[in-house]
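Student:
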Amino acid sequence: MQEATQRFKDAGGTLLSAPHPLAGVEDGPRNRGVYGVTPWGSLIELIAYPDGIDYPDGSEAKRWTPPA
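For the record, in the sequence shown the residue sitting at position 21 is 23 according to our numbering, with numbers rising by one throughout.
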């Protein structure tokens, strides 16, 4: 998360807060998220969940996770 937020800021983005713990199915000791605004005004969310998420196996909605 630290590297991603720094790269975002270096590219001209503005974070709306410091990274914060995630809740619900994304809860985990090291899991974090933060919102930011791009230089052209789009709102984005950065999330990292190194401790995994409690995502239902049978869910029809699939969450894409980039390879490590």
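In this text, a Cβ means the ideal position worked out from N, Cα and C, and glycines have one as well.
1) Short of 7 Å in beta carbon distance, which residues of its chain neighbour E47, apart from the five on each side in sequence? Order them along the chain.
2) First and last residue of the beta strand (DSSP E) that includes R34?
3) Looking at the secondary structure, which residues open and close the beta strand (DSSP E) in which E47 lies?
4) Spatial neighbours of I49 within its chain, please: CB distance less than 6 Å, with the 5 preceding and 5 following residues excluded, ordered by chain position.
5) Short of 7 Å in beta carbon distance, which residues of its chain neighbour P41, apart from the five on each side in sequence? Order them along the chain.
6) For T16, does the three-state DSSP call read helix, strand or coil?
Tutor: Well, looking at it:
1) Only G35 and Y37 meet the Cβ criterion.
2) Note, R34: beta strand (DSSP E), R34 to V39.
3) From DSSP, the beta strand (DSSP E) with E47 extends over L45 to A50.
4) If the five residues before and after I49 are omitted, its C-beta is found closer than 6 Å to the C-beta atoms of G35, all from its own chain and listed in chain order.
5) The beta carbon of P41 sits closer than 7 Å to the beta carbons of G14 and G15 from its chain, once the five residues preceding and following it are set aside; these are given in chain order.
6) It is a strand residue.
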